[in-house]
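Working notes, beginning with the structure itself.
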Amino acid sequence: MDEYGFGGHTPIFHTVNQNNNNSAKVLDLLLENGADLSVTVKGLIWGKGYEWETFIPAVNPISYAIMGLLPQIHRKEETVAEIVSLLIKHAYGINYRMPNIPNAYLAD
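So the sequence shown is numbered by the working numbering: it starts at 114 and just counts up by one.
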């Protein structure tokens, strides 16, 4: 954790928002072995020290996955939606697909 108490996140956080979904196998392994998706930390600072530094407050693995939709995090909307659906299914037993992917409002 840093001087503000931000951080302290569990391994699942590192797998839900990876560029190009590079941690898909590790994400599946963690979910199969009971990773806790309800863990909430005070906040995370993504890209600390870089010009795109972004503070994400009161975050859990599902909300962190959704942060992949922020433009500065540069994740594919389809991949984010797929991961969020997987996490919601695992956490709550709900089959939910985000309907506005790709985002029609932001389309050219």
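Where is the CB? At the ideal position from N, CA and C, for every residue including glycine.
N- and C-terminal bounds of the alpha helix (DSSP H) containing residue i
i	result
T123	Per DSSP, T123 belongs to no alpha helix (DSSP H) and is neither H nor E.
P174	P174 to I179
K138	A137 to E145
Closest residue to residue i among the options (Cα-Cα distance)
i	options	result
H122	I158, N134 and L144	I158
Nonlocal neighbours in the same chain, by C-beta distance under 6 Å from residue i, ignoring five residues either side
i	result
F126	P174 and Y177
N134	T192
Cross-strand partners of residue i (DSSP beta bridge)
i	result
L150	Answer by DSSP bridge pairing: none, since L150 is not bridged.
L157	I169
Endpoints, the beta strand (DSSP E) within which residue i is located
i	result
P215	Run containing P215: none; DSSP gives neither H nor E here.
Quick check: the segment 141–156 against the segment 185–205, are there 3 or more CB pairs under 8 Å?
yes
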